[in-house]
Each structure stands twice: as structure tokens, then as C-alpha cells.
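Enquirer:
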Ligand SMILES: [Zn+2]
């Protein structure tokens with residue numbers, strides 16, 4: 001114990017492990033000597049702890065080089081026109097997805113790139129913000145491809161297919177205080193720098209949109225043909241002021257889990273920095289149907305999406 005204290009008390013964690021292993025070996029050598037002198041019997045086989053090999057350090061993730069996005073940046077620098085012809089040209093621009101190969105293999109389909117010019121260059125992600133689209137995949141992409149409109153890094157369709165719109169190293173226009181801290185909610189976790197100064201949340205977040213209508217009037221909601229593709233969720237608590245919400249299909253949630261896990265591991269983002277848009281702006285998305293960390297109360301019930 002003394003040795004442990006002397007060797008490890010002020011050391012870095014790695015050093016502590018190393019010192020402990022040395023001490024363990026030393027103790028065992030002493031024990032062997034005692035046994036040998038106390039008895040003339042043959043030395044029993046004694047299992048000596050193998051040398052502790054330090055845990056292999058995982059290869060650090062290296063973000064894509066900014067030069068990979070040069071085509072997109074150059075294209076967007078040219079005049080942006082709200083026309084079908086311009087959008088067609090934009091859709092020819094491509095860049096490598098940020099999603100790891102391992103994650104892409106687990107997704108139901110390959111990731112498609114549907115680029116947008118609605119970004120700026122300052123993003124240091126430390127949170128993931130989730131949204132619903134309130135419309136179809138194509139309507140959402142069309143909005144994101146309109147010049148000077150909104151955007152998000154990813155869109156997940158209801159069949160689980162993932163589309164990347166903006167490189168993660170760029171800021172997408174999915175959360176905004178419009179230069180005024182008071183336009184975001186007081187407890188916003190990504191609107192303030194460590195020194196207390198204001199910061200736009202888009203410059204520290206990755207935005208994911210899920211194709212979903214949000215709150216709906218059940219009298220006019222047209223159920224999808226397959227129940228696996230959604231249906232309605234009834235929130236008994238009316239927690240966001242509405243009772244009926246379009247469901248998030250399981251296959252879509254599965255892709256969300258894979259994508260969030262991948263982003264969190266690459267950017268070292270803790271799970272408690274995965275949040276709904278409603279934690280930043282006075283919005284209700286993604287709503288009570290997307291029960292991130294809590295069991296869902298209502299119909300149908302569901303265990304939490306992230307543990
Ligand atoms: Zn939103």
C-alpha cells in the first residue's frame with residue numbers, strides 16, 4: 001500500500017497503472033523467495049501475472065481535409081440562383097460523407113450526398129441537435145437547396161436512408177439566435193461560451209432532421225399503408241400542447257442511433273449533449289414522439305431511444 005501511494009499519488013493515470021503493475025510483480029517475487037526457504041519441497045508452479053500490456057490507443061479520428069469540400073465551396077461562391085437549372089448543377093457537386101465506414105455498413109442503405117450552399121465555415125461540434133422536417137424528404141431537400149435558406153447536416157428519411165447535406169466541419173443553418181442571445185431560450189446549453197459570452201448555437205452543433213410531420217390533426221392524417229412506416233403517437237400528457245404526433249418508424253430510429261453514435265464517438269460528444277431543437281429555440285420539434293432518454297408515456301409506449 002505504501003508503494004502504491006508513493007508511486008501513484010501524483011502520477012498521471014497511465015503512470016499509476018504502470019507503477020501498480022511493477023509493485024504487483026515485486027510482491028510476488030518476495031512471496032516466491034519465502035516459499036522456497038520455508039520448505040524443501042519442490043517449488044510449486046506459481047502463476048505469475050503476465051506483463052500488463054498497455055491498452056492499445058485507438059487510432060485518433062482525423063476529419064476530412066477541407067480540400068475535399070473545395071468543389072462545394074467553389075460552386076457556392078459563384079452566384080446562387082433559385083432555379084431548377086442551378087439546383088441540378090448543385091446536385092452534381094459531391095463530397096465525401098463524414099460518416100465512418102463502420103457506421104455506413106450498419107445503415108440500411110448507402111449515404112447519399114444532397115449538397116446545400118447554406119453554410120458558413122465556423123463549426124466546432126460539441127452537441128447534436130435533432131429536428132423534424134414537417135414535410136417530405138424532397139420538400140426538405142428543396143428548401144435546403146434554396147439559396148439563403150435553412151439547412152442541416154443530415155436528413156434521415158422514414159425508411160432509414162441517410163442523406164448528408166452539409167459537411168460536419170461547416171456550420172449548417174438549423175439553430176439560430178439571430179445574433180441575439182435573448183431569442184434563444186435561457187437554459188440553451190450551446191448559446192454561451194465558457195467565458196459567458198454569447199455564441200451562435202449553429203457554430204457548435206451538428207443538425208439532424210428526421211422526416212416527420214410533427215403534431216397532426218388525426219381527423220386529417222392519412223395513415224401510411226404500412227404500420228411499420230409510422231402511424232400516430234398519442235401523448236397522454238399533451239406535453240407540448242398537442243396530443244397527436246406522427247410516429248417515428250423503428251427503421252428511422254435505428255439509423256438515428258447509428259448516426260448519433262458515430263458522430264458522438266468521432267467528435268467526443270457526450271450523450272447528454274444530444275438534444276432536441278426545443279432545448280435551444282422556442283420550437284416543439286422533435287416533439288414527445290422522439291423519446292430520447294426517457295420511456296415514452298402514451299400510445300404506443302416505447303423504451304428510451306438512447307440508454
Ligand atoms: Zn428544428
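Numbering (this note's numbering), first residue to last: 1 to 307. Even for Gly, the Cβ is constructed at its ideal location relative to N, Cα and C.
Could you check what DSSP says for residue 171 in three-state terms: helix, strand or coil?
Expert: Residue 171 falls in the strand class under three-state DSSP.
Enquirer: In the DSSP output, what is residue 302 paired with across the bridge?
Expert: 296, per the DSSP bridge assignment.
Enquirer: Could you have a look at residue 131 and say whether DSSP puts it in helix, strand or coil?
Expert: Strand.
Enquirer: Look at the alpha carbon of residue 176 and the alpha carbon of residue 117, and state the distance between them as a whole number of angstroms.
Expert: Their Cα atoms are separated by approximately 17 Å.
Enquirer: Taking the alpha-carbon positions, what's the residue 209 to residue 135 distance?
Expert: Straight-line Cα distance between these residues: approximately 11 Å.
Enquirer: Using 7 Å as the cut-off, classify the Cβ of residue 277 as near or not near the heavy atoms of ligand 1, replying yes or no.
Expert: For ligand 1, at least one heavy atom lies less than 7 Å from the Cβ of residue 277.
Enquirer: Do three or more CB pairs link the stretch 63-83 to the stretch 178-197 at distances below 8 Å?
Expert: The stretch 63-83 is not in contact with the stretch 178-197.
Enquirer: Return helix, strand or coil for residue 291, following the three-state DSSP convention.
Expert: Note: residue 291 maps to coil in three-state DSSP.
Enquirer: Given that a residue counts as buried once 16 or more other Cβ atoms are within 10 Å of its Cβ, and exposed if not, what is residue 103?
Expert: By the 10 Å Cβ count, residue 103 comes out buried.
Enquirer: Figure out for me which residue from 143, 72 and 125 has the closest Cα to the Cα of residue 83.
Expert: Measuring from the Cα of residue 83, the nearest candidate turns out to be 143.
Enquirer: So, residue 290 versus residue 276, is the Cβ gap smaller than 8 Å?
Expert: It is a contact, given that the beta carbons lie within the stated cut-off.
Enquirer: Would DSSP call residue 148 helix, strand or coil?
Expert: Residue 148 falls in the coil class under three-state DSSP.
Enquirer: Quick one: is residue 164 buried, meaning 16 or more other Cβ sit within 10 Å of its Cβ, or exposed?
Expert: Looking at its Cβ environment, which holds 16 or more other Cβ atoms inside 10 Å, residue 164 is buried.
Enquirer: Measure the alpha-carbon distance for residue 271 versus residue 170 and round it to whole angstroms.
Expert: Going from the Cα of residue 271 to the Cα of residue 170 covers about 21 Å.
Enquirer: Could you name the residues of the same chain whose beta carbon sits closer than 7 Å to that of residue 253, not counting the 5 residues immediately before and after it, in chain order?
Expert: Cβ neighbours of residue 253 beyond the five flanking positions: 305.
Enquirer: Let me know if residue 204 comes out buried or exposed under the rule of 16 or more other beta-carbons within 10 Å of its beta-carbon.
Expert: It counts as buried.
Enquirer: What are the boundary residues of the beta strand (DSSP E) that includes residue 244?
Expert: Here the beta strand (DSSP E) through residue 244 covers 244-246.
Enquirer: Select from 85, 124 and 74 the residue whose C-alpha is nearest the C-alpha of residue 266.
Expert: It is 124 whose Cα lies nearest to the Cα of residue 266.
Enquirer: Kindly list the residues whose CB is nearer than 7 Å to the CB of residue 150, restricted to its own chain and excluding five residues on each side of it in sequence; keep chain order.
Expert: Here the set comprises 118, 143, 144, 173 and 174.
Enquirer: Using C-beta distances below 7 Å, list every residue in its chain close to residue 307, excluding the 5 sequence neighbours before and after it, in chain order.
Expert: Within the same chain, residue 307 has no close Cβ partners at all.
Enquirer: For ligand 1, is there a heavy atom less than 7 Å away from the beta-carbon of residue 283?
Expert: For ligand 1, at least one heavy atom lies less than 7 Å from the Cβ of residue 283.
Enquirer: With distance defined between alpha-carbon atoms, name the residue in 93, 121, 274 and 88 nearest to residue 71.
Expert: Residue 93 is the option with its Cα nearest to residue 71.
Enquirer: Which first and last residues belong to the beta strand (DSSP E) in which residue 269 is found?
Expert: Taken as a continuous stretch (DSSP letters only), residue 269 belongs to no beta strand (DSSP E), as it is neither H nor E.
Enquirer: With hydrogens ignored, establish whether the beta-carbon of residue 215 is closer than 7 Å to any heavy atom of ligand 1.
Expert: No; taking the cut-off as 7 Å, the Cβ of residue 215 has no heavy atom of ligand 1 nearer than that.
Enquirer: Taking only the alpha-carbon atoms, compute the straight-line gap between residue 263 and residue 269 and give it to the nearest angstrom.
Expert: Roughly 8 Å separates the two Cα atoms.
Enquirer: Using alpha carbons as the reference points, say which of 248, 198 and 182 lies closest to residue 159.
Expert: The shortest Cα separation from residue 159 among 248, 198 and 182 belongs to 248.
Enquirer: I want to check one thing, is the minimum distance from the CB of residue 131 to the heavy atoms of ligand 1 below 7 Å?
Expert: Indeed, a heavy atom of ligand 1 lies less than 7 Å from the Cβ.
Enquirer: Would you please state the rounded distance, in angstroms, between the beta carbons of residue 287 and residue 132? I believe it to be under 8 Å.
Expert: With 8 Å as the limit, residue 287 and residue 132 qualify as a contact, their Cβ atoms being about 7 Å apart.
Enquirer: Going straight from the alpha carbon of residue 121 to that of residue 63, what length do you get?
Expert: So the alpha carbons of these two residues sit roughly 14 Å apart.
Enquirer: Tell me the DSSP secondary structure of residue 198 in three-state form.
Expert: Correct three-state label for residue 198: strand.
Enquirer: Hey, residue 98 and residue 201 are a contact pair by Cβ (cut 8 Å); roughly how many whole angstroms apart?
Expert: About 19 Å separates the two Cβ atoms, so there is no contact after all.
Enquirer: If we count the other Cβ atoms within 10 Å of its Cβ and call it buried at 16 or more, is residue 130 buried or exposed?
Expert: Per the 10 Å Cβ criterion, buried.
Enquirer: Here's the rule I'm using: 16 or more other beta-carbon atoms within 10 Å means buried, otherwise exposed. How should residue 245 be labelled?
Expert: Classification for residue 245: buried.
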